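According to the numbering used here, the stretch in the sequence shown is residues 1 to 350, in order.
Even for Gly, the Cβ is constructed at its ideal location relative to N, Cα and C.
Here the structure is a predicted model, which means the values were calculated and not measured.
A quick write-up on the structure given underneath.
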Amino acid sequence: MIDIDRIKEDFLNQKEGVDSLPALNNLKARFLGRKGIITEQLKNLGSLPKEERPLWGKRLNELKRFIEQEIEALRASIIKTEAEEALRRERIDITLPGAFVPPGRPHPVTQVLDEIVEIFRSMGFAVEEGPEVELDYYNFEALNIPKDHPARDMQDTFYIKTDRNAPQRSHPMESDVVLRTHTSPVQIRGMMKRKPPFRFIAPGKVYRCDADISHTPMFHQVEGLMVGEDVTFAHLKGVLEYFIKRLFGEETPVRFRPSYFPFTEPSAEVDIGCIICRGSGCRVCKETGYLEVLGSGMVHPRVFEEVGYDPQKVRGFAFGMGVERLTMLRYGIDDIRLFFENDLRFLRQF
Ligand code: DAH
Numbered sequence: 001m002i003d004i005d006r007i008k009e010d011f012l013n014q015k016e017g018v019d020s021l022p023a024l025n026n027l028k029a030r031f032l033g034r035k036g037i038i039t040e041q042l043k044n045l046g047s048l049p050k051e052e053r054p055l056w057g058k059r060l061n062e063l064k065r066f067i068e069q070e071i072e073a074l075r076a077s078i079i080k081t082e083a084e085e086a087l088r089r090e091r092i093d094i095t096l097p098g099a100f101v102p103p104g105r106p107h108p109v110t111q112v113l114d115e116i117v118e119i120f121r122s123m124g125f126a127v128e129e130g131p132e133v134e135l136d137y138y139n140f141e142a143l144n145i146p147k148d149h150p151a152r153d154m155q156d157t158f159y160i161k162t163d164r165n166a167p168q169r170s171h172p173m174e175s176d177v178v179l180r181t182h183t184s185p186v187q188i189r190g191m192m193k194r195k196p197p198f199r200f201i202a203p204g205k206v207y208r209c210d211a212d213i214s215h216t217p218m219f220h221q222v223e224g225l226m227v228g229e230d231v232t233f234a235h236l237k238g239v240l241e242y243f244i245k246r247l248f249g250e251e252t253p254v255r256f257r258p259s260y261f262p263f264t265e266p267s268a269e270v271d272i273g274c275i276i277c278r279g280s281g282c283r284v285c286k287e288t289g290y291l292e293v294l295g296s297g298m299v300h301p302r303v304f305e306e307v308g309y310d311p312q313k314v315r316g317f318a319f320g321m322g323v324e325r326l327t328m329l330r331y332g333i334d335d336i337r338l339f340f341e342n343d344l345r346f347l348r349q350f
């Protein structure tokens, strides 16, 4: 005799706690698997008296079908519940406020650089670019700074490739390779691909092997060059004075002071009234009342000759300025390294 009711009751009891597919598969294996209770019972039918076999066979098969149906119904319901839960988990409340993404802004040096470019654009200057990895020829030689010229000491050069013992070179392209120490080589490149008259500026990065509170190994310069038949020192003064008053304010005192650069003659440095003490003398201006902001001069005839211009026929003026320095003066910053530490407390102030 087989206790059909008992098996059914066992099944229904065990079914109670099943709420996942793995648990359901276990349940199915226990009753319908190869060694499952129902399967075992069906195998045992043979040991019953012959006349009883059809009856028990029928009842067992009914129970088997019942269990199969129950299991499939439960499977469908588990799948449905799991899908609903997944949907609930994935639901996005689009009415929630979005995550705040703080907006960035241009670096203070970039802001001043952009302003400088804009001021010269307004005076009709084009914008030229040159390579940061530069030939010694463009960086020094063509600018009237030959090897062993003392002016090379003013600019601690990063050499990429050098051959100091090489015999006199026959071709400029065989020269040493450097990180440009100033933007002045763009003067040469710009002149070689143009015909006067023209005026352009050349902003960009420059490199010097130097670091302290007023020097960083990389900084930015803006070079300027204007060439034509009758360009004079008066044009140089007019352009640079206008530029400085736009950058630092109409009331800013401007002074031109004689100086020396190998690629200009005559040369002048331009000073503005000290923005800290307003001219009365302080530590920042070393009691002079003035601060140097840029170098300039009339293009040296040798430089014109180097690019194939006739110094009897064209004249020009050139200038160069350090953007970090101008930014420091503009905002009263006393340590250049602040520009490169990327401390947000500093950068947010601009
Ligand atoms: N190249 C110079 C420097 O880096 C700056 C400079 C001075 C540029 C006078 C000029 C100039 O074009 O005329 O210190």
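If we require 4 or more residues per run, which alpha helix (DSSP H) segments fall completely within the stretch 10 to 92? Those alpha helix (DSSP H) runs which fall completely within the stretch 10 to 92 and span 4+ residues are 21 to 32, 37 to 44 and 53 to 90.
Could you please give the first and the last residue of the uninterrupted alpha helix (DSSP H) stretch that includes Phe120? Pro108 to Ser122
Cβ atoms of Glu223 and Thr181: under 8 Å apart, would you say? no
Under a three-way DSSP split, which group does Ile272 fall into? strand
Inter-residue Cα distance where the pair is Ile79 and Thr39: 27 Å
Among Ala83, Val299, Glu306 and Glu341, the one whose alpha carbon lies nearest that of Thr216: With distances taken between Cα atoms, Thr216 lies closest to Glu341.
For the structure I just gave you, are there three or more beta carbon pairs, one from the stretch 274 to 281 and one from the stretch 311 to 320, closer than 8 Å? no
May I ask whether a heavy atom of ligand 3 can be found less than 7 Å away from the beta carbon of Phe319? Only ligand 1 can be found as ligands here, which leaves ligand 3 out of the picture.
Determine whether the beta carbon atoms of Asp310 and Tyr290 lie at a separation below 8 Å. no
Contact set for Gln41: own chain, Cβ-Cβ below 7 Å, skip 5 residues either direction: Ile2 and Leu60
Thinking C-alpha only, which one of Glu241, Glu82 and Gly204 is nearest Leu21? Glu82
I need the DSSP call for Leu240, collapsed to helix, strand or coil. helix
Start and end of the beta strand (DSSP E) containing Tyr138? Unbroken run through Tyr138 is the alpha helix (DSSP H), Asp136 to Asn139; no beta strand (DSSP E).
Cβ separation of Lys205 and His220, assumed to be a contact under 8 Å, to the nearest whole Å: 6 Å between Cβ atoms; contact.
Of the choices Arg330, Arg91 and Phe304, whose alpha-carbon is the least far from that of Trp292? The identity of residue 292 in the sequence shown is Glu, whereas the question assumes Trp. When the alpha-carbon of Glu292 is set against those of Arg330, Arg91 and Phe304, the nearest one is in Arg330.
Between the beta-carbon of Ile67 and the beta-carbon of Leu45, is there less than 8 Å? no
Can you tell me the Cα-Cα spacing of Pro253 and Glu118, whole angstroms? Approximately 22 Å between the Cα atoms of the pair.
Rounded C-beta distance between Ala202 and Gly297? I'm assuming under 8 Å. Actually they do not touch by this definition, with Cβ atoms about 16 Å apart.
Which residues bound the alpha helix (DSSP H) around Val323? Val323 to Tyr331
Helix, strand or coil: how does DSSP classify Asp148 here? coil
Distance check for Gly104 and Asp93, CA to CA, integer angstroms please. Straight-line Cα distance between these residues: approximately 28 Å.
Beta carbon of Thr216: closer than 7 Å to some heavy atom of ligand 1? no
Can you tell me whether Pro185 is helix, strand or coil according to DSSP? helix
Taking the C-alpha atoms as reference points, what is the distance between Ile7 and Arg89? 39 Å
Would you kindly report the start and end of the unbroken alpha helix (DSSP H) that includes Phe263? Element bounds for Phe263: n/a, residue is neither H nor E.
How would you call Gly320, buried or exposed, if buried means at least 16 neighbouring beta carbons within 10 angstroms? buried
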